Structure formats: structure tokens, C-alpha cells
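Undergrad: Position one of the sequence shown corresponds to residue 1 (full-length UniProt numbering), numbered consecutively onward.
From the three backbone atoms N, C-alpha and C, an ideal C-beta is built for every residue, glycine too.
These numbers come from a predicted model, not from an experiment.
The structure's right below; bear with me while I get my questions together.
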Amino acid sequence: MTNAIDNQQSVLIVDDQNINTLVLENALSPLYTVYTANGGQAALNILHSQTSIDLVLLDIQMPDLDGYQVLLDIRQNDATKNIPVIFISAKDAAEDEAKGLEFGAMDYITKPFNITVVKARVRNQLSLKKKSDLLEKLANIDGLTEVPNRRRYDEKLDLEWRRCARSSSPLSMIMLDIDAFKPFNDNYGHSAGDEILKQVASTLSKKIRRSGDEAFRYGGEEFVILLPETSFESSIRVAEMMREAIEALDIPHEYSPVEKHITVSLGVSSIVPVATMSAKTLQEFTDLQLYKAKNAGRNQVQG
Ligand code: GH3
Ligand code: MG
Ligand code: MG
Ligand code: MG
């Protein structure tokens, strides 16, 4: 195992015969971070840990879990389903190769392999992986504020809802809307408005302390923060801290009926998810609290 260098891609080599793992590791470790596993279960253990793997070189015939079973597991798991797999197998009949590709492998290399060809094929798959990672990132980030977007939020809400349902722990949500943003745009101009959105987004991101919490741009001048496994009381405190942080930016807004600077209103709610309820319930509750904060005079937290 080599040390991870920043931005270096990672390859997991899986083979029950040490000589194969060794030859591949020698060829690839000068270029990539290499992990090795001597069986199917060992491979899954690495893939299920926090390690990020960009490509798997996978033997098919192994005594414990075979390559097909490993690939099936990779594709069924949210965290690993987009990792490309290259089968490297002594099963060299055309039907075997076709079966491997139909199973979802990106490429198929027969043994005995030519190491130069293996390196070229690995390089091709990793270059594709880099491009698809970039596209995936761009698809999930809001272009203006650079925080995760609505699309990412929808995915994350669904994921955290299911996760908190399994652990019977509360999922909390904060919805935040800039007060009197229309008169700000009307008087200071739309690009000045855009700058406010960027500042608000970066303030929210900076105020997030727990690694599981995340802020998203929900739309227009509305942001949403998801706080998995966080109590209602803690979430109210986070919301109040965010409200204060934005007020402390002290951005002049002469045309606001609230204060002479930019303020925000926030709604908070918290649910221990159960299977019969939809994640949208939490969103509706939180939106209702935001509505209450607006009606009660803005620049405040309601929950
Ligand atoms: P309230 O206190 O009730 O929230 O009042 P408001 O004026 O903020 O609410 P309203 O929903 O009427 O206005 C939202 C404004 O946000 C209108 C829209 O032009 C502006 N807005 C939405 N997206 C953007 C954006 O990307 N950039 C800029 N500059 N303005 C935006
Ligand atoms: Mg084998
Ligand atoms: Mg709004
Ligand atoms: Mg508003």
C-alpha cells in the first residue's frame, strides 16, 4: 500500500494469487495509490470502508466470493455503484468475456496478461472516471454560490431520511430565506444581489461545525440545512447562530422594512423518520415554521 498523494487516483487490485497482485501492484504503484485484496470478501471490506477507490481490477475465480458476486455488491451499494471494474481472468472464452461485460464490467482482460496493455487500459478507465467525477460534481453544485444545489439536496434528504429511520434518530432541517431581497435587488441591482447570495452561502458553510451537516441552495434566495442525528434543541441553536452570523456581516440594506442591513428568517423542525412517512413531511413542517418567522416580523428563528 502506498501513501496517498493529493489528487492521485486509487486502484484496488483483487486476486487470490499473490503473484498476480504483486506484478500488478509493481506496475501501477508508481502512478496510482494501490490497494490490494487477496479475496472477494477482503475486497468488499476495503470498498465498504471510508477509502475512496477509483477503479477495481477484479479476478473472477476466487475461493470465497467470486468476482461476479463482488461486482454485484459494488453495483448495489450507493457508495460504490459508480466505481468502474475491469475483470482480469483466466476464463478466456468469448462467452466469458461477454458475460463479464454484461455483468457491468467496463473492460475485460484475459490471463496471462500483458502488463503494458493492462497499464493502458487502466489509464483509459481512470481518465473516464475523472471526467465523470467532474460532471457529477458540476451537476450537484450551484454555479453562483458553489454550495450543493437542489438536485443534491433531494438526493441527500432521501438518503438521510432512510439512514435516520434505520437508527431511529432525529433528522433536523433548517430553511432560511433572505428578508426583503426583492427591494434589495430593485435598489442595488441584480449583481449586488448575487454577491449577497454568495456571502450568505459562504457564511452558512463556515458556520457548519458537524461533519454530517450540510447547507444547500434550495432555490432563489432560499437555503436549506440538513442536520442528521441532531436534536431539535441543537438545531434551533444552530439556526440562531446562523441568523446572528448573517446579521453580523452588517451588509447595508436601506430599503428593508426589517433592519437597515441584510437579515434572514429561519424555520426549524425535527422528526424521527418512520417508514410510513415521506421525507417531504419534514420539508413541509420546516417551510411552515419559516412562514411563521416571516409573519412574526422576520429576522428570527421559529420552530
Ligand atoms: P421576504 O422577506 O418575504 O422573503 O421578501 P422578499 O423580497 O425576499 O421575497 P420575494 O420572494 O418577493 O423576493 C425574492 C427575490 O429574490 C425576488 C428575486 O428576484 C430574487 N432572486 C431570486 N434568485 C435570485 C438570484 O439568483 N440572484 C438575485 N440577485 N436575485 C434573486
Ligand atoms: Mg483467481
Ligand atoms: Mg423566498
Ligand atoms: Mg425573501
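Between residue 221 and ligand 3, is the CB less than 7 Å from at least one heavy atom?
TA: At least one heavy atom of ligand 3 is nearer than 7 Å to the Cβ of residue 221, so yes.
Undergrad: What do you get for residue 136, buried or exposed, if any count of 16 or more other CB atoms within 10 angstroms of its CB means buried?
TA: When all chains shown are included, residue 136 counts as exposed.
Undergrad: Where does residue 261 sit, in a helix, a strand or coil, going by DSSP?
TA: DSSP places residue 261 in strand when its eight states are reduced to three.
Undergrad: Are residue 41 and residue 15 touching if we call contact CB-CB under 8 Å?
TA: No, they are not a contact pair.
Undergrad: Of all the options 17, 10, 19 and 265, which has the alpha carbon lying nearest to the alpha carbon of residue 35?
TA: Nearest of 17, 10, 19 and 265 to residue 35, Cα basis: 10.
Undergrad: Enumerate, from N- to C-terminal direction, the unbroken alpha helix (DSSP H) stretches of 4 or more residues contained entirely within the UniProt domain "Response regulatory" (10 to 126).
TA: Listed in chain order, they are 18 to 28, 40 to 48, 67 to 76 and 94 to 102.
Undergrad: Report yes if the CB atom of residue 239 is closer than 8 Å to the CB atom of residue 301, and no otherwise.
TA: Yes. Within cutoff.
Undergrad: Quick check: is any heavy atom of ligand 4 less than 7 Å from the C-beta of residue 178?
TA: Yes, Cβ of residue 178 sits closer than 7 Å to a heavy atom of ligand 4.
Undergrad: Pull the bridge partners of residue 302 from the DSSP assignment, please.
TA: DSSP output for residue 302 lists 267 as bridge partner(s).
Undergrad: I'd like the list of long-range same chain contacts for residue 105, defined as Cβ closer than 7 Å, with 5 residues on each side in sequence excluded.
TA: Excluding residues within five positions, the ones whose Cβ falls inside 7 Å are 71, 85, 86 and 87.
Undergrad: If you run the structure through DSSP and keep just helix, strand and coil, what is residue 183?
TA: Reduced to three states, the DSSP call for residue 183 is helix.
Undergrad: When the Cα of residue 112 is compared with those of 21, 188 and 277, which residue comes out closest?
TA: Among 21, 188 and 277, the Cα nearest to that of residue 112 is on 21.
Undergrad: How many Å lie between residue 256 and residue 178 at the Cα?
TA: If I take the Cα positions, the gap works out to 11 Å.
Undergrad: I'd like to know whether the C-beta atoms of residue 298 and residue 228 end up nearer to each other than 8 Å.
TA: It is not a contact, given that the beta carbons lie outside the stated cut-off.
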